[in-house]
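Engineer:
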Amino acid sequence: MALLTPLLAFLYHLPQVYKWLLKPYYVASLFMSFAFLLIRKTPGICDHLSTQREDGNPCDFDWREVEILMFLSAIVMMKNRRAITVEQHVGNIILFSKVANVILFFRLDIRMGLLYLTLCIVFLMTCKPPLYMGPEYIKYFSDKTIDDELERDNRVTWIVEFFANWSPECQSFAAVYADLSLKYNCAGLKFGKVDIGRYGDVSKKYKVSASPLSKQLPSLLLFQGGKEVMRRPQVDKKCRAVSWSFTEENIIREFNLNELYQKSKKLNKSKGDRSDKINESQFPPLPEEEEPEVDAQEEETETKKDK
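Convert by adding 1 to the 1-based position in the sequence shown; the result is the number in my numbering.
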């Protein structure tokens with residue numbers, strides 16, 4: 002029952018995620034997550050497995066295996082309380098299911114445990130989760146371009162995400178950040194990203210740790226006039242990240258995106274008025290057309306003809 006909530010959430014969003022769910026990475030991950038269940042319940046295979054059940058049935062879970070699975074479901078339920086996307090829900094289920102599978106296989110047979118652990122390590126080193134490839138209005142910085150771009154125009158406000166491709170949290174947040182850029186990007190409010198896993202100097206300069214133990218990934222920094230104004234998550238005096246949920250509602254509220262967007266629209270309008278004035282100065286108004294003068298003699302001849 003503890004897995005019921007994330008399961009219902011997954012089924013509710015299934016039409017939206019079936020495309021990435023059918024990708025090889027997720028198919029293989031789900032297969033490995035349910036490996037022990039398949040082996041324990043498959044006729045012809047489970048008959049040769051050892052068991053501690055009193056009835057001696059090797060094709061059903063014993064009390065210790067049930068205890069491990071219940072503990073797994075409790076951990077997944079607690080972790081998914083902070084999940085903000087379906088990808089995070091599925092990722093938590095896959096991660097902790099693999100951990101439980103390692104324990105169950107080692108308990109069943111040390112050779113099967115070693116084989117499964119080896120497969121998990123090989124899969125982790127060779128297979129990477131698919132990156133977000135949807136629409137976005139985001140500029141990607143390098144260690145050579147980020148400073149120049151932030152200081153180019155003091156009137157422009159930048160929201161920059163510091164991320165790493167190997168971080169599951171950053172991968173799950175990519176769709177949320179892209180959606181915010183589509184809604185709020187304009188001339189005076191822009192969105193950027195920099196991979197601090199690739200550019201270590203940027204990580205040191207802006208004091209965003211790329212360590213998996215720091216919990217600072219992803220980090221959102223707000224820049225105005227080329228200077229940092231605020232960041233989330235915040236970092237305490239001991240350089241530890243304060244827990245913060247990267248939901249779209251939290252970001253809009255904490256960074257005052259609606260207010261920033263309204264101010265940025267005024268900046269955009271002033272730029273448009275200024276460009277109109279420049280265009281008018283470049284192209285002076287045309288002189289008014291003058292009516293052609295009629296010769297006096299021609300007028301006299303025309304009056305005589307009329308008479």
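Where a beta carbon is used, it is the ideal one built from N, C-alpha and C, also for glycine.
Taking the alpha helix (DSSP H) that T146 belongs to, which residues open and close that run?
Structural biologist: By 1-based counting over the sequence shown, the position of residue 146 is 145. That residue, T146, is in no alpha helix (DSSP H); it is neither H nor E in DSSP.
Engineer: Measuring only the C-alpha atoms, how far is L96 from N166?
Structural biologist: Counting from one through the sequence shown, the residue named residue 96 turns up at place 95. Counting from one through the sequence shown, the residue named residue 166 turns up at place 165. Computed Cα separation, rounded: 17 angstroms.
Engineer: Identify, in the order they occur along the chain, each residue of the same chain with its Cβ nearer than 6 angstroms to the Cβ of D144, setting aside the five sequence neighbours on each side.
Structural biologist: For the purposes of this step, residue 144 is taken as the residue at position 143 of the sequence shown. Cβ neighbours of D144 beyond the five flanking positions: Y200, D202 and V203.
Engineer: Can you confirm whether G114, when its beta carbon is compared against all beta carbons of chain D, has any partner nearer than 8 angstroms?
Structural biologist: Within the model displayed, chain D is absent; a lone protein chain is all it includes.
Engineer: Do the region 234–244 and the region 211–221 make contact, defined as three or more Cβ pairs closer than 8 angstroms?
Structural biologist: These segments touch.
Engineer: Identify whether D63 lies in helix, strand or coil by the three-state DSSP scheme.
Structural biologist: For this step, residue 63 is matched to residue 62 along the sequence shown. Coil, per DSSP.
Engineer: Using the beta-carbon count (16 or more within 10 Å), is R41 buried or exposed?
Structural biologist: Within the sequence shown, the letter at position 40 stands for residue 41. By the 10 Å Cβ count, R41 comes out buried.
Engineer: Since I believe S265 is in contact with G189 (beta carbons under 8 angstroms), could you give me their beta-carbon distance rounded to a whole number of angstroms?
Structural biologist: Here residue 189 is taken as the residue at index 188 of the sequence shown, counted from 1. Here residue 265 is taken as the residue at index 264 of the sequence shown, counted from 1. G189 to S265, Cβ: 3 angstroms. Contact.
Engineer: What's the gap between the Cα of Y185 and the Cα of L105?
Structural biologist: In the sequence shown, the residue the question calls residue 185 occupies position 184. In the sequence shown, the residue the question calls residue 105 occupies position 104. If you take the alpha carbons of Y185 and L105, they lie about 48 angstroms apart.
Engineer: How many Å lie between L31 and S246 at the Cα?
Structural biologist: Your numbering for residue 31 matches position 30 in the sequence shown. Your numbering for residue 246 matches position 245 in the sequence shown. Distance between the alpha carbons of L31 and S246 is about 26 angstroms.
Engineer: Where C128 and M113 are concerned, what is the direct C-alpha to C-alpha distance, given to the nearest angstrom?
Structural biologist: Within the sequence shown, numbered from 1, the residue matching residue 128 stands at position 127. Within the sequence shown, numbered from 1, the residue matching residue 113 stands at position 112. If you take the alpha carbons of C128 and M113, they lie about 22 angstroms apart.
Engineer: Should the region 106–125 be regarded as contacting the region 148–157, the criterion being three or more beta carbon pairs within less than 8 angstroms?
Structural biologist: With the cut-off at 8 angstroms, the region 106–125 and the region 148–157 do not touch.
Engineer: By alpha-carbon positions, which one of A75, C187 and E250 ends up nearest to Q263?
Structural biologist: Translated into positions along the sequence shown, residue 263 becomes position 262. When only C-alpha atoms are compared, the closest one is C187.
Engineer: Note down the Cα distance separating S244 from E229, rounded to an integer number of angstroms.
Structural biologist: Indexing the sequence shown from 1 puts residue 244 at position 243. Indexing the sequence shown from 1 puts residue 229 at position 228. Near 20 angstroms, if we compare the C-alpha coordinates of E229 and S244.
Engineer: Using DSSP with H/G/I as helix, E/B as strand and the rest coil, what is T158?
Structural biologist: The residue you call residue 158 lines up with position 157 of the sequence shown. The answer is strand: DSSP assigns T158 an E or B state.
Engineer: Shortest alpha-carbon distance to Q53 belongs to which of G45, V67, P44 and I46?
Structural biologist: Here the question's residue 53 lines up with position 52 in the sequence shown. It is V67.
Engineer: Could you tell me which of I197, V161, S74 and G45 sits nearest to S182, measuring between CA atoms?
Structural biologist: Numbered from its first residue, the sequence shown carries residue 182 at position 181. Closest option to S182, Cα to Cα, is V161.
Engineer: Can you tell me whether Y141 is buried or exposed, with buried defined as 16 or more other CB within 10 angstroms of its CB?
Structural biologist: Counting from 1 along the sequence shown, the entry for residue 141 is found at position 140. Result: exposed.
Engineer: Determine the DSSP secondary structure at R233, reduced to helix, strand or coil.
Structural biologist: As a working note, residue 233 is residue 232 in the sequence shown. Reduced to three states, the DSSP call for R233 is strand.
Engineer: Could you tell me the alpha carbon to alpha carbon distance between I139 and W64, rounded to whole angstroms?
Structural biologist: On the sequence shown, position 138 is the one that residue 139 refers to. On the sequence shown, position 63 is the one that residue 64 refers to. For I139 and W64, the distance between alpha carbons rounds to 52 angstroms.
Engineer: Run through DSSP, which three-state label would S30 get?
Structural biologist: Within the sequence shown, residue 30 is the residue found at index 29, counting from 1. S30: helix per DSSP, three-state reduction.
Engineer: With a Cβ-Cβ cutoff of 8 angstroms, do N102 and V77 count as a contact?
Structural biologist: Within the sequence shown, the letter at position 101 stands for residue 102. Within the sequence shown, the letter at position 76 stands for residue 77. Contact: no.
Engineer: S51 and P44: beta carbons closer than 8 angstroms?
Structural biologist: Locating residue 51 in the sequence shown gives position 50, where the first residue counts as 1. Locating residue 44 in the sequence shown gives position 43, where the first residue counts as 1. No, these two residues do not count as a Cβ contact at 8 angstroms.
Engineer: Excluding the five sequence neighbours on either side, which residues of its own chain have a C-beta within less than 8 angstroms of the C-beta of K80, listed in chain order?
Structural biologist: Locating residue 80 in the sequence shown gives position 79, where the first residue counts as 1. Taken in chain order, the residues that qualify are N93 and F97.
Engineer: So V177 is in the alpha helix (DSSP H); what residue range does that whole segment cover?
Structural biologist: Within the sequence shown, the letter at position 176 stands for residue 177. Run containing V177: P169 to Y185, per the alpha helix (DSSP H) assignment.
Engineer: Hey, I197 and F174 are a contact pair by Cβ (cut 8 angstroms); roughly how many whole angstroms apart?
Structural biologist: For the purposes of this step, residue 197 is taken as residue 196 along the sequence shown, with counting starting at 1. For the purposes of this step, residue 174 is taken as residue 173 along the sequence shown, with counting starting at 1. I197 to F174, Cβ: 14 angstroms. No contact.
Engineer: Compare the C-alpha of I69 against each of K99, N251 and I253 and name the closest.
Structural biologist: By one-based count along the sequence shown, residue 69 stands at place 68. Minimum Cα distance to I69 is reached at K99.
Engineer: Report the option in G226, E249, Y26 and Y207 whose CA atom is closest to the CA atom of V91.
Structural biologist: Reading the sequence shown from its first residue, position 90 is the one you call residue 91. Nearest of G226, E249, Y26 and Y207 to V91, Cα basis: Y26.
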